[in-house]
DNA sequence: ACGCTTTTGGTACTTTAGTATAATCGTGTA
DNA sequence: TACACGATTATACTAAAGTACCAAAAGCGT
């Protein structure tokens with residue numbers, strides 16, 4: 123916000139400056155006026171593009187990244203979150219077990235607790251909920 | 123591309139027009155010149171903002187949207203795709219059946235064909251593959 | 001009308017997934 | 001030290017999910 127005010131303030135100032143220049147320069151000279159107009163046009167066009175890009179970039183930041191704050195809020199343990207990630211990649215309990223070097227029983231336990239904490243009835247629903255919560 | 127050329131062309135023309143106006147209007151009048159400058163500044167600033175927003179939007183289009191070209195390439199029928207969408211929302215076969223007013227047997231058939239066409243062994247894997255293919 | 005694909009439905013079966021319960025082990029904390 | 005907690009494993013069971021195979025009705029283009 124402060125930046126915006128500063129930028130617009132300096133823009134207004136530069137406009138005033140151009141006004142003064144146009145007053146005390148060779149007013150009758152067509153070339154001066156045309157050059158002035160072209161300068162103003164180019165400068166404000168560039169400023170417009172730049173400002174717009176700035177504002178759009180700040181809007182883009184909050185999207186598409188994981189929130190480990192909510193993971194803690196849901197009381198998900200590290201292991202449970204690992205399992206959640208594997209589930210979202212489409213692996214079966216047996217495959218996840220082999221990946222994490224544990225038995226399928228262990229994974230089943232983790233999955234069960236995971237579903238309870240996410241209020242999901244199925245692993246597919248858990249994926250959906252997790253993505254809404256930006257956990258995945 | 124054509125639009126961009128048109129817009130810049132009209133901008134150049136309007137600048138030339140302003141030049142002509144400044145030539146044949148009361149050149150000695152300071153107010154005219156200042157008004158002209160302000161107009162040019164405002165117009166080009168707005169155009170800059172507008173063009174930038176346009177170009178950024180066209181950059182955004184290719185991301186996050188579904189490609190119905192690949193759906194045909196995979197030979198997925200409408201019904202099968204509907205089922206795929208429901209699966210990705212976390213519904214069970216029975217729930218999907220109720221939603222689409224058919225029996226669970228029908229959904230199972232669709233799911234089986236769906237998995238075969240997507241080369242998936244599980245519905246969770248189907249979701250993952252579908253998202254990679256930008257089908258979802 | 002005929003052939004083709006889609007959609008629908010069923011039966012029988014195998015495989016995963018998920019629940020419930022309980023026990024063991026390690027780690028950190030009251 | 002005792003206790004809570006996370007991670008691990010197991011058993012027994014229920015419930016989904018998925019496969020295979022089949023078959024009829026519907027829709028569509030030639």
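Protein chains in written order, with this note's numbering: chain A, 123 to 258; chain B, 123 to 258.
From the three backbone atoms N, C-alpha and C, an ideal C-beta is built for every residue, glycine too.
Note that the structure is predicted; figures quoted are calculated from it, not measured.
{"Item": "C-beta contact flag for residue 206 of chain B and residue 242 of chain B at 8 Å", "Value": "no"}
{"Item": "8 Å contact criterion, which residue 209 of chain A and residue 246 of chain B should meet: CB distance rounded", "Value": "6 Å"}
{"Item": "Residue 190 of chain B, buried or exposed, once every other Cβ within 10 Å from all chains shown has been counted against 16", "Value": "exposed"}
{"Item": "Sub-8 Å separation of residue 255 of chain B and residue 192 of chain B beta-carbons", "Value": "yes"}
{"Item": "Boundaries (first-last residue) of the alpha helix (DSSP H) holding residue 198 of chain B", "Value": "From DSSP, residue 198 of chain B is part of no alpha helix (DSSP H); its letter is neither H nor E."}
{"Item": "Whole-angstrom distance between residue 188 of chain A and residue 165 of chain A, CA atom to CA atom", "Value": "40 Å"}
{"Item": "Contacts around residue 182 of chain B, its chain only, beta-carbon distance under 7 Å, and the 5 residues preceding and following it disregarded", "Value": "With a pLDDT of 41 at residue 182 of chain B, under the threshold of 50, the predicted position of this residue should be treated as unreliable, though the coordinate-derived value follows. So the list is empty, once near-sequence residues are dropped."}
{"Item": "Spatial distance of residue 198 of chain B from residue 253 of chain A (CA atoms)", "Value": "25 Å"}
{"Item": "Straight-line gap, residue 214 of chain A to residue 230 of chain A (C-alpha atoms, nearest Å)", "Value": "10 Å"}
{"Item": "Local Cβ density within 10 Å of residue 202 of chain A, reported as buried at 16 or more and exposed below that", "Value": "buried"}
{"Item": "Bounding residues of the alpha helix (DSSP H) (the contiguous stretch that carries residue 233 of chain B)", "Value": "226-240"}
{"Item": "Rounded C-alpha distance that separates residue 235 of chain A from residue 216 of chain A", "Value": "17 Å"}
{"Item": "Close beta carbons around residue 239 of chain B, own chain, < 7 Å, minus the five adjacent residues each side", "Value": "196, 197 and 198"}
{"Item": "Residue-chain proximity (residue 214 of chain A, chain B), Cβ-Cβ < 8 Å", "Value": "yes"}
{"Item": "Backbone CA spacing between residue 222 of chain B and residue 257 of chain B [nearest angstrom]", "Value": "20 Å"}
{"Item": "Simplified DSSP assignment, three categories, for residue 187 of chain B", "Value": "coil"}
{"Item": "Start-to-end residues for the alpha helix (DSSP H) that takes in residue 244 of chain B", "Value": "It is not in any alpha helix (DSSP H) - residue 244 of chain B carries neither H nor E in the DSSP assignment."}
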